[in-house]
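Inspection log for the structure reproduced underneath, given as structure tokens.
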Amino acid sequence: MISCKFNKKSLLTVKWNPKKKKDDEYVAKHPLLHINSICEFDEGVTLKTIMNLVASDELLTKVVAFYSSVNHIEDFHKEVNKKCTNKEKEVDYLEIYRSGQIHDGEMSVWTDWHGVNTKEKCKYCGKKDWPDHGHYISYSYTPVNEVAHLPIRLNERFILREDYEKVVLDVNQKFTLIEVLNAIYYDISFHGGPKDRDKFLCEINEQVKKMKKERIKPKMGKP
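FYI, in this note's numbering the residues of the sequence shown are 629 to 851.
In structure tokens form, the structure reads like this:
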């Protein structure tokens, strides 16, 4: 079986060698050869490593942009290498995970990502080693250069729920390369390119400021 693995510099092909009785690891001739292969990570692989590998291959960039509906993917690739003085320090690593939901007889399965803080206690149960919930932080609207330095890990635990509560399946399942890339690129481009994202955030912030100014004062009754 042939799989692939990210190290800190490149994407490696991993192939079992029966004569040596161990895996051979070598740089893939083309990343697209592994688009549906099982994908794993060496310790310390960062978001910047992954996005720069995609950016270095024109064909892979086009495939990811089409598959994940990414507008202005080149702008994200430029942004990830920008100097950043506001590096995210609240989380320990970025986690790619898979979720599943059954509702009204229909099943949906998707991959996503978030930041994980393992140092703080969960606000719900007061523990640090929470199983299904905890200190997760979304980075859907964050410039990618602010989190580019963070390592990425794969959470292979897959929980399928029915009607948001009942657990009908709880197993470990590997990720393919396209699932890993889609988890990242679909999320960061949900509101378009970096300029669209910044415009959206600016509008949200203006609405919040306006709402604070327009707070309705309680009417005073007669004494």
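Built from N, CA and C at the ideal position, the CB exists for glycine as well.
- By DSSP's assignment, S727 forms a beta bridge with W738 and I787.
- The DSSP-derived three-state label of L778 is coil.
- Secondary structure note for I678: its alpha helix (DSSP H) is the uninterrupted segment L675 to A683.
- Annotation: V719 is outside any beta strand (DSSP E) and is labelled neither H nor E by DSSP.
- In the DSSP assignment, E668 forms a beta bridge with K633.
- T641 and M839 have their C-alpha atoms some 54 angstroms from each other.
- DSSP, reduced to helix, strand and coil, places E707 within a helical segment of the structure shown.
- Per DSSP, the beta-bridge partners of I765 are G743.
- With a threshold of 16 other beta carbon atoms within 10 Å, M679 meets it and is buried.
- Leaving aside the five residues that flank D685 on each side, the residues in its chain whose CB is nearer than 8 angstroms to its CB run, in chain order, H658, P659 and L660.
- Taking 7 angstroms as the cut-off, the Cβ atoms of V708 and V772 count as close.
- Secondary structure at F818: coil, using DSSP grouped into helix, strand and coil.
- In this structure, V744 keeps its C-beta atom at 7 angstroms or more from the C-beta atom of L675.
- Between the region 787-803 and the region 687-706, the count of Cβ pairs shorter than 8 angstroms is below three; the stretches do not touch.
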